[in-house]
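Residue numbers (full-length UniProt numbering): 1 to 722. All C-beta atoms in this analysis are idealised placements derived from N, C-alpha and C, irrespective of residue type, glycine included. Being a predicted model, the structure only gives us computed values, none of them experimental. Everything on this sheet refers to the single structure shown next.
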């Protein structure tokens, strides 16, 4: 058994696991997701007619294996081979060898296509073929699951699923072998989705897979394990009614389609939800620091300070809180919660509002809106929560479709009262909310600027809001362009209604995405819209959370060290508390990088563009604890911050300090240390330049800042452009 370091990293683990997002990563030399493409250093290669493409696909599917010539002929000419099939096949192979296997492809990839009796074999490295890279990463994730490593499982399977940008071999589905391979890979993808969901449950991160489970369960209603996971995720996220409705929907579907009853597992989950079985939340004790009691035991002995609002005991807390335990107090968010509740009161008076809640990952956006939702439900206001999935293949208006589906299930009378034309248009978007969809009706286009769709969705939501309704749209930074385009329209239409829209977004996404910035600017120009910026916790708020978790006898030095190490980020703070031994001192905190926090930071960083990641890597060599060489400043006095630096500052990842003037540093020490551990080192000149930016640029308007206030002031100094 391998030992662990104080940081929580297993001894001997290899670092450097951060990867760029799909958009920022170097493309594979051969891509088979979607239309099969071969990339040369100068651009894509023309592969020629479909049968030649099919030959390459057949060899690629069987890479490293000899495919006999008779088998190739049967696969390529399924309806019967022509008279000269062997000669034609040889000509296809010869052309492919000349174009693909005799020169380096994109990224320096080299493929070998050889004759090996009784057929042909293609030698290809998995790193250079996207479907092979996908399959290998899924296998690594499933292996990590078998070894009982939820953080590694979640990170690997998340990376694999990001590679799936479209169905594989989409241009060759007319060939039986390609269709079978596509089906095999899709089954592997579903296995990855299910395993990732189990890892998310073990880590207390069910909210991150909820949207994906909703999508997949709708596509595969007979896959009962998916439905079970969806019901568990809905229950964990405070949506017990939705989970029960999902069971009834699936049970009826099985009866109608197969004449079968629900499986014992599905019935068991249903019964557990009805009796609020604690097993639904699942213990995560194996992810505590060794020898440390569960958080539930500690928090049961140490109630939250009086007067500080605490959430209802939900089935699962956000941001990795121990499932089934008492969540940490909602410290430092009284004013923000008060503003949200005031917006609800305005809605009751017929003054509809839209509230944008913006903050960095882990700062507590989800925690805040859940407490807000609990207060609303206690007061009799219906709340619908929708998550924008982090996928590139979501249909247009997907979050709004989900909102309409939930609303139709809760208030069918309101949907029935809509005009026929409106219901028909909604049926083309989401069949379930409209009960009278005409048989065989063709879906209507739903482009980002389609006025009819905007008007129909707005009509439906405003009709639903004849009784007060709060619609929470989470993680809008992942929303599709069409969904973003509807937000300003609905905000304007809801000004004299009982509808409250609460929209959450990560700060970096809002700062870096032009479409999201434009949407925000247009929305905030309307009189019934406002924005709540969640900053980091103040030291007294950190102390409240620490004392609630560890008791009143915590030393001030330990509280101060935890605040400095977490940077005031509630999620980082809770991760540190879970990993910190009871006997730890303030000195132990400074080197602590909990495994759970590290994996989450890696996951967050993996979604950043490649140039921003490179800039973070360059800056990681310097920090508040790094030595400063004045000679280096003189050498780099003419350096100008790159656009990637500005994007990182706008997004709250980096900030400009005042000593030395213009020095760029990480806002969060934990993020800095994870980048140092996980990213490959770069040259000292680049690192030094990042740490000693010249004055007089956009990034240097915050020279009088302290490190603790760097994030907020950096965003004010370089505001997102409209």
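Helix, strand or coil at residue i according to DSSP, with G and I counted as helix
| i | result |
| --- | --- |
| residue 292 | With a pLDDT of 33 at residue 292, under the threshold of 50, the predicted position of this residue should be treated as unreliable, though the coordinate-derived value follows. Reduced to three states, the DSSP call for residue 292 is coil. |
| residue 115 | strand |
| residue 319 | Note that residue 319 scores 30 on pLDDT, short of 50, meaning its location in the model is unreliable; the coordinates nonetheless yield the value given after this. In the structure shown, residue 319 sits in coil (DSSP, three-state: anything other than H, G, I, E or B). |
| residue 387 | strand |
| residue 471 | strand |
| residue 654 | strand |
| residue 156 | helix |
| residue 144 | helix |
| residue 562 | helix |
| residue 642 | coil |
| residue 38 | strand |
| residue 50 | helix |
| residue 663 | strand |
| residue 498 | coil |
| residue 676 | helix |
| residue 505 | strand |
| residue 549 | helix |
| residue 122 | strand |
| residue 482 | helix |
| residue 67 | strand |
| residue 724 | As displayed, the chain neither begins before 1 nor continues past 722, which places residue 724 out of reach and without an answer. |
| residue 608 | coil |
| residue 168 | strand |
| residue 110 | coil |
| residue 339 | helix |
| residue 330 | coil |
Residues near residue i in its chain [Cβ-Cβ closer than 7 Å; skip 5 each side]
| i | result |
| --- | --- |
| residue 543 | 559 |
| residue 35 | 170, 171 |
| residue 731 | Residue 731 lies beyond the residue range present for the chain, which begins at 1 and ends at 722; the question has no answer from this structure. |
| residue 211 | 387, 388, 389 |
| residue 513 | 477 |
| residue 510 | 358, 477, 516, 517, 520, 720 |
| residue 686 | Residue placement at residue 686 cannot be trusted, given a pLDDT of 42 that sits under 50; the coordinates are not used to answer. |
| residue 418 | 459, 460, 463 |
Closest residue to residue i among the options (Cα-Cα distance)
| i | options | result |
| --- | --- | --- |
| residue 185 | 197, 409, 136 | 136 |
| residue 127 | 146, 114, 106 | 106 |
| residue 201 | 253, 358, 450, 154 | 154 |
| residue 455 | 424, 468, 512 | 424 |
| residue 175 | 117, 122, 50 | 50 |
| residue 162 | 94, 131, 673, 102 | 131 |
| residue 429 | 460, 414, 338, 598 | 460 |
| residue 257 | 220, 280, 452 | 220 |
| residue 406 | 524, 571, 239, 566 | 239 |
| residue 259 | 222, 270, 281 | 222 |
| residue 369 | 486, 471, 487 | 471 |
| residue 378 | 363, 344, 588 | 344 |
| residue 96 | 74, 121, 84 | 121 |
| residue 585 | 557, 573, 574 | 557 |
| residue 464 | 410, 87, 505 | 410 |
| residue 177 | 59, 393, 581, 503 | 59 |
| residue 568 | 578, 535, 44 | 535 |
| residue 492 | 515, 529, 513, 517 | 529 |
| residue 217 | 599, 231, 562, 208 | 231 |
| residue 340 | 100, 376, 646, 363 | 376 |
| residue 599 | 199, 215, 656, 366 | 199 |
Expected contact under 8 Å - CB spacing of residue i and residue j to nearest Å
| i | j | result |
| --- | --- | --- |
| residue 157 | residue 195 | 6 Å |
| residue 242 | residue 234 | 5 Å |
| residue 615 | residue 644 | 4 Å |
Close-in-space but distant-in-sequence residues of the same chain around residue i (CB under 6 Å, 5 per side omitted)
| i | result |
| --- | --- |
| residue 541 | 331, 332 |
| residue 82 | none |
| residue 145 | 153, 195 |
| residue 468 | 347, 348, 381, 498 |
| residue 275 | none |
| residue 390 | 478 |
| residue 112 | 101, 123 |
Neighbourhood of residue i by C-beta, 8 Å cutoff - its chain only, sequence neighbours within 5 removed
| i | result |
| --- | --- |
| residue 191 | 138, 142 |
| residue 40 | 103, 105, 106 |
| residue 246 | 217, 227, 230, 231, 234 |
**Report entry** Complete runs of the alpha helix (DSSP H) confined to the segment 82-108 [at least 4 residues]
**Finding:** 85-100
Query raised in the report: Quick one: complete beta strand (DSSP E) runs, 3+ long, within the segment 565-599?
Result: none
Query raised in the report: Fully enclosed by the segment 517-545, which alpha helix (DSSP H) runs are 4 residues long or longer?
Result: none
Query - Unbroken stretches of the beta strand (DSSP E), 3 residues or longer, contained in the segment 347-427 - result: 353-359, 382-387
Query raised in the report: Of all the alpha helix (DSSP H) runs that stay within the bounds of the segment 207-285, which reach a length of 4 or more residues?
Result: 207-219, 224-236, 240-258, 264-274
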